[in-house]
Amino acid sequence: MRSTLALTVAAGLIFAGAGAAPASADAPEGAYWRVETIFTTTHPHAVGSGYYLTQRRISTEWLSPEGKSWNGFRELGAKPATGKDEAAWRADGSPTTWDYRTEGMKIHLSTKPDKGSIAAAKGRPDGFRLGEKFVTFQQLQSLPTDVEALRTYLAADVNAWIDKSAEEAKTTAPKSTKNDWLVNFDRYVAEWATQLLYANPAPDKVRAAAYQVLKTTKGVSDLGRAEDPLGRSGQKLVLPVASSKGTLLKQQLLVDTKTMTLLAEYTDLKDGGKAVLGKSGVQTFKAGWTDDKPAVPGVS
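Next up, the structure:
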């Protein structure tokens, strides 16, 4: 998930061009493929007399069938994270803004949403991202629709990325080995399958196959039906745990099994056993075709 932490951790997956039987191409159903992501997390620094805030931010990407991209962003405001934090906030006089400096940067927080922004993506090739390569709409339509064929396709791409990454790492980390990546191999396959559930306009049959790849990947478990923070129902799956140099990443995904689209992602990142605030949290997704032009995200 490019907007998810999982794909940040697993960044670098590249399109290996494995052979595949073409899917039945779905024609674009709108002017843009739109992905809205709302991320809710606990701000990493205590404010005021020592209480913590929950932050919400929205990011939206518009992709045209030609692969042009626009990105919108907006801070949705902050509020005390827990009942205890709210009591401390009230004792401080219920401030509506907070300012502090950290690592030479000035941080400003507010209970009110900011004005947001919208801009065409810069420095980005035209196309739809698959791992670290951009492909055309037609190439996206030609992905395998058979579950095992798609699994083989994704696994080949993951292996190609691991080979390249392990070789490149020798210049900065001579003691690193290919096993440093292989330990999380199944997770990488699951993550890329998840990407096909929302990040780009894959055909319906490809999404259905991607869900089955995800669900049956080694280390993935099924928690049954659940609801996301927006009250939407889906199937909750747990990804294989990822670990590297003291960090531990646990994630759960909620998938709408009628539309085969990702609804939410729950992230629990720990470093040395301590939760990494600001990166742990929950993201909700809304993905689909639209004719609405790129605009500053609204207040949700």
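Quick note: UniProt numbering has the sequence shown finishing at residue 300, numbered continuously throughout.
The beta carbon of each residue, even a glycine, is placed where N, CA and C say it ideally should be.
Bridge partner(s) assigned by DSSP for residue i
i, result
"K274", "D271"
"H34", "A small correction: the amino acid at residue 34 is Arg; His does not occupy that position in the sequence shown. Answer is W62, G288, bridged to R34."
"L249", "A242, L269"
"A235", "Reading the sequence as shown, one finds Gln at residue 235 and not Ala. Looking at the DSSP assignment, Q235 forms a beta bridge with R225, V255."
"R129", "F134"
"P42", "The amino acid occupying residue 42 in the given sequence is Thr; Pro does not appear at that position. DSSP lists T54 as partners of T42."
"S94", "Answer is none; S94 lacks a bridge partner."
"I107", "Y100"
"V282", "T40, Y266"
"V47", "Y51"
"A120", "W70"
Straight-line Cα distance separating residue j from residue i
i, j, result
"A202", "L196", "6 Å"
"T217", "R101", "44 Å"
"T290", "K68", "14 Å"
"F128", "T136", "6 Å"
"D292", "G48", "41 Å"
"Y32", "A120", "13 Å"
"V276", "P44", "8 Å"
"residue 323", "W89", "Not covered by the structure: residue 323. The range shown for the chain is 1 to 300."
"Y198", "G288", "8 Å"
"T60", "N200", "13 Å"
"Q141", "D26", "7 Å"
"S221", "K133", "29 Å"
"S176", "L182", "12 Å"
"G104", "G123", "27 Å"
"P80", "P65", "41 Å"
"T145", "F185", "22 Å"
"E265", "R225", "14 Å"
"P240", "A160", "20 Å"
"N71", "P294", "8 Å"
"T96", "D85", "14 Å"
"K286", "G219", "27 Å"
"G50", "G93", "13 Å"
"T259", "K205", "10 Å"
"F73", "R151", "34 Å"
"L7", "I58", "Because L7 sits at a pLDDT of 39, beneath the cut-off of 50, its placement in the model cannot be relied upon, and the following sentence gives the value as read from the coordinates. Going by the C-alpha atoms only, they are around 18 Å apart."
"G278", "A87", "22 Å"
"L63", "R34", "6 Å"
"G83", "A91", "12 Å"
"L269", "A46", "18 Å"
"L214", "A156", "15 Å"
"Y211", "V238", "13 Å"
"H108", "D114", "11 Å"
"T247", "R232", "31 Å"
"I162", "K178", "7 Å"
"G30", "E36", "16 Å"
Beta-carbon separation (whole angstroms), residue i vs residue j, contact threshold 8 Å
i, j, result
"K112", "G77", "5 Å"
"Q251", "T261", "No, Q251 and T261 are not in contact; Cβ-Cβ is about 17 Å, not under 8 Å."
"D228", "L263", "5 Å"
"V296", "I118", "5 Å"
"V147", "A209", "5 Å"
"L154", "W192", "5 Å"
Assigned exposure category for residue i - 16 Cβ within 10 Å defines buried
i, result
"S300", "exposed"
"A245", "A small fix is needed here, since residue 245 is Lys in this sequence, not Ala. K245 comes out exposed."
"R187", "buried"
"G234", "buried"
"D283", "For clarity, residue 283 is Gln in the given sequence; the question names Asp instead. With 16 or more Cβ atoms within 10 Å of its Cβ, Q283 is classed as buried."
"K236", "buried"
"S280", "buried"
"T194", "buried"
"V189", "buried"
"P28", "exposed"
"E167", "exposed"
"L230", "exposed"
"G298", "exposed"
"A242", "buried"
"Q138", "exposed"
"L53", "buried"
"L223", "exposed"
"D256", "buried"
"G116", "buried"
"G273", "exposed"
"T41", "buried"
Proximity test, residue i beta-carbon vs the ligand HEM heavy atom, cut-off 6 Å
i, result
"Y51", "With respect to the ligand HEM, the structure offers nothing, as it holds no ligand at all."
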